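Notes follow the structure.
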Amino acid sequence: MLFNSYAFIFIFLPSVLVLYFVLNRLSTRAGKTVLLASSLFFYGYWSYKYLFLLVFSILFNYCAAAVILKSENNIRKNYLAAAIILNVFLLGYFKYTDFFISSVNSTFYADFPLPGIILPLGISFFTLQQIAFLMDCYEGLIKRNSFLNYSLFVTFFPQLVAGPIVHYRETVPQFDDQSKKAFVFPNFIYGLFIFSLGLFKKTALADQLAKLAAAGFDTPEPVSFAVSWLASLSFSMQIFFDFSGYTDMALGLAVMFNIYLPQNFRSPYSAASIIDFWKRWHITLTVFLTNYVYTALARRLKHFSFHKAMAITMITFAVSGIWHGASWMFVIFGLLHGAGIIINHYWKKHGFRLGSLTAWFITINYVNICFVFFRAQELKDAFNLLHAMFNPYKAAEALRTAFAYIKNLNVDILMQLNSSYLAFAAGITVCILLSRMPEKKPGALDGYSRTGVFSLSTGFIAGIMLWISFKIMLGEPSKEFVYFAF
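Going by this note's numbering, the sequence shown opens with residue 230, and the numbers climb by one from there.
Following this line, the structure appears as structure tokens:
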């Protein structure tokens with residue numbers, strides 16, 4: 230069931246909201262139970278077969294956590310290691326088996342058959358979330374646990390499929406908070422606004438930009454300078470509006486239930502360095518990798534140095550790349566970002582500085598190049614597109630064409646532009662506007678939702694965005710979010 234579907238918006242969501250708040254007033258346990266059942270139904274709607282995998286994962290990790298919490302210090306590490314290994318094995322089996330066999334076949338000219346394993350929805354996210362939970366139990370950050378709370382923590386439907394990656398100690402206390410039992414109309418209105426913004430990003434921007442990206446990435450023919458840049462920039466904007474749109478919808482849905490999830494994006498395309506970019510892009514993944522991969526590896530070093538830190542950085546970003554998908558293209562994507570981080574740190578260490586505009590220009594273009602490898606199916610496709618983007622002869626030809634086009638520009642030509650080009654212009658505009666907005670502090674969402682400031686104006690804006698989104702949804706089938714593939 231997609232967030233951007235009529236079944237979800239008009240049937241599932243209203244039903245769950247009513248049931249949850251009616252039962253929650255009677256009993257917090259009853260409210261949590263109906264929310265858990267609804268979340269399991271939401272997941273099972275995609276494929277009931279993989280619902281059993283999710284339930285098994287919950288049962289196993291709940292039991293593993295119980296053993297870790299009760300064990301003595303000298304054996305806890307062994308239980309933790311065994312639990313993490315099984316989690317990684319399950320993720321590896323479903324996500325990387327075909328990739329591994331295919332790599333063996335191409336390397337050794339073998340012909341092993343591919344099993345064709347279908348990737349369970351959200352497995353990358355709920356696996357990381359549960360590994361973080363086990364680590365927190367080991368570190369003593371979690372003292373006690375209940376099966377109902379743990380199951381709801383893993384399956385809470387707004388964040389189950391594609392994040393944000395949340396921590397047990399941040400979310401479960403909210404479900405137990407007696408002040409959150411009742412339906413809060415300002416929260417609903419503000420949640421509706423955030424949800425509407427995410428839906429608008431997905432339907433009016435991301436899905437339209439996807440068509441322009443496909444024109445450059447999915448054609449076997451060589452593309453022009455203009456098409457190559459249009460395709461690469463379109464995908465960079467598409468993935469931002471698609472993923473941040475999903476996150477907005479998840480945050481908005483959670484606020485309707487009086488639950489606050491962490492931010493996952495903070496205007497990443499306003500970043501003036503790769504280091505800053507990863508503080509703004511997929512924030513909860515960055516936090517996970519920093520805390521549970523980078524820091525864990527750094528602790529094992531007897532002597533820490535700049536070069537060792539940079540080596541760990543490359544390993545961490547290689548993990549990030551392979552986490553995104555079972556393809557060498559994602560590994561390259563991760564390694565490129567790791568290399569960018571290392572160069573960035575090297576410049577900082579030696580006092581090399583650039584003007585803010587120059588630094589932003591270099592950063593945004595480097596990120597755009599990295600996303601070419603993220604989107605391309607094969608390495609040769611990525612290099613073909615990059616060749617078109619940076620070919621001086623094609624650039625000169627594009628300039629001549631552009632001047633001729635501008636010379637003959639009139640209202641009739643503008644009226645012929647389709648929705649994809651309008652979405653491209655709108656996407657550029659929105660990215661610029663977002664970069665100029667003052668950043669909210671982490672607690673700002675909570676403060677806004679408790680005031681009635683947004684009730685009328687936000688409701689009106691939400692109505693406009695919903696109307697535009699519904700109009701698009703009537704003419705086009707609902708499309709999956711990009712990160713559903715991960």
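Quick reminder that beta carbons are idealized off the backbone N, C-alpha and C, glycines included. Since this is a predicted model, take the numbers as computed values, not measurements.
Would you mind giving the Cβ-Cβ distance between residue i and residue j, rounded to the nearest angstrom? I have them listed as a contact below 8 Å.
i	j	result
Leu389	Gly481	15 Å between Cβ atoms; not a contact.
Tyr291	Leu280	Not quite, the Cβ-Cβ distance comes to about 16 Å (not below 8 Å), so this is no contact.
Phe618	Phe454	Note on identity: in this sequence residue 618 is Met, with Phe being the wrong assignment. Indeed, because the Cβ distance is near 7 Å, the residues count as touching under 8 Å.
Val601	Ala611	5 Å
Thr384	Leu265	6 Å
Ala479	Pro393	7 Å
Leu614	Ser408	That pair is no contact at about 53 Å.
Val286	Gln359	The amino acid occupying residue 286 in the given sequence is Ser; Val does not appear at that position. Rounded, the Cβ-Cβ distance is 7 Å, consistent with contact.
Ser331	Leu343	6 Å
Phe323	Ile352	6 Å
Tyr475	Gly427	7 Å
Met543	Phe603	Contact doesn't hold; Cβ gap of about 18 Å is too wide.
Lys410	Arg254	6 Å
Ser707	Ser234	5 Å
Phe354	Ala310	Not confirmed; about 22 Å, so no contact.
Using a Cβ-Cβ cutoff of less than 8 Å, which residues in the same chain neighbour residue i once the five nearest sequence positions on both sides are dropped?
i	result
Leu298	Cys366, Ile371, Lys372, Arg373 and Asn374
Val284	Leu269
Asp405	Thr257 and Asn378
Ser556	Phe328
Lys578	Phe535
To the nearest angstrom, how far is the alpha carbon of residue i from that of residue j?
i	j	result
Pro491	Val395	7 Å
Gly260	Leu252	5 Å
Tyr397	Asn620	50 Å
Ala295	Leu363	10 Å
Pro194	Phe250	Nothing about residue 194 can be read from this structure; the chain reaches only from 230 to 715.
Arg258	Ile313	30 Å
Ile541	Ala527	7 Å
Tyr575	Lys537	13 Å
Arg582	Asn573	10 Å
Arg509	Asp340	43 Å
Asp436	Asp327	29 Å
Lys670	Ile304	Low per-residue confidence applies at Lys670: pLDDT is 44, beneath 50, and the placement is therefore not dependable, though the value from the model is reported in the following sentence. Distance between the alpha carbons of Lys670 and Ile304: 41 Å.
Lys306	Gly369	12 Å
Gly563	Val596	11 Å
Ala605	Tyr325	19 Å
Asn302	Phe386	35 Å
Gly345	Phe318	17 Å
Asp447	Ser457	11 Å
Phe289	Ser300	16 Å
Val560	Ser380	32 Å
Tyr338	Leu565	28 Å
Thr336	Ile693	54 Å
Phe590	Lys609	26 Å
Gly584	Leu518	30 Å
His532	Ala525	14 Å
Ser678	Leu242	Summary for Ser678: the model assigns pLDDT 41, below 50, so the residue's position carries little reliability, and this model does not support an answer.
Pro449	Glu626	21 Å
Val401	Asp477	20 Å
Leu586	Ala293	50 Å
Which residues in the same chain have their Cβ closer than 7 Å to the Cβ of residue i, if we skip the five residues on either side of it in sequence?
i	result
Ile701	Thr432 and Ala433
Ile593	Tyr498
Ala691	Leu421, Phe422 and Ser425
Val219	An answer regarding residue 219 cannot be provided, because it is not within the stretch 230 to 715 covered by the chain.
Gly554	Ala714 and Phe715
Val522	Thr545 and Val548
Ile642	With a pLDDT of 40 at Ile642, under the threshold of 50, the modelled position of that residue is not reliable, and the figure given next carries that caveat. Once the five neighbours on either side are set aside, Ile642 has no close Cβ partner at all.
Val263	Leu248, Tyr249 and Leu252
Phe237	Met230 and Leu231
Ser267	Val245 and Phe386
Leu530	Lys537
Short of 6 Å in beta carbon distance, which residues of its chain neighbour residue i, apart from the five on each side in sequence? Order them along the chain.
i	result
Gly672	Residue confidence for Gly672 is low, a pLDDT of 42 falling below 50, so the modelled location carries little weight and cannot support an answer.
Met188	The chain is shown only over 230 to 715; residue 188 falls outside these bounds and no answer can be derived.
Ser473	Phe494
Ile488	Gln403
Thr356	Asn316 and Leu320
Met539	Ile571
Trp275	Leu350
Ile240	none
Val452	Gly445 and Ala617
Given 8 Å, three or more beta-carbon pairs between the region 566-577 and the region 494-504
yes
As an exercise, report each continuous alpha helix (DSSP H) stretch of at least 4 residues that is fully enclosed by the region 565-634, in chain order.
585-604 and 608-618
Which whole runs of the beta strand (DSSP E) in the region 251-332 are 3 residues long or more, in chain order?
none
Stretch pair the region 511-526 + the region 536-556: three plus CB contacts closer than 8 Å
yes
Would you list, in sequence order, the uninterrupted beta strand (DSSP E) runs of no fewer than 3 residues that lie entirely inside the region 438-468?
none
Enumerate, from N- to C-terminal direction, the unbroken beta strand (DSSP E) stretches of 3 or more residues contained entirely within the region 321-388.
none
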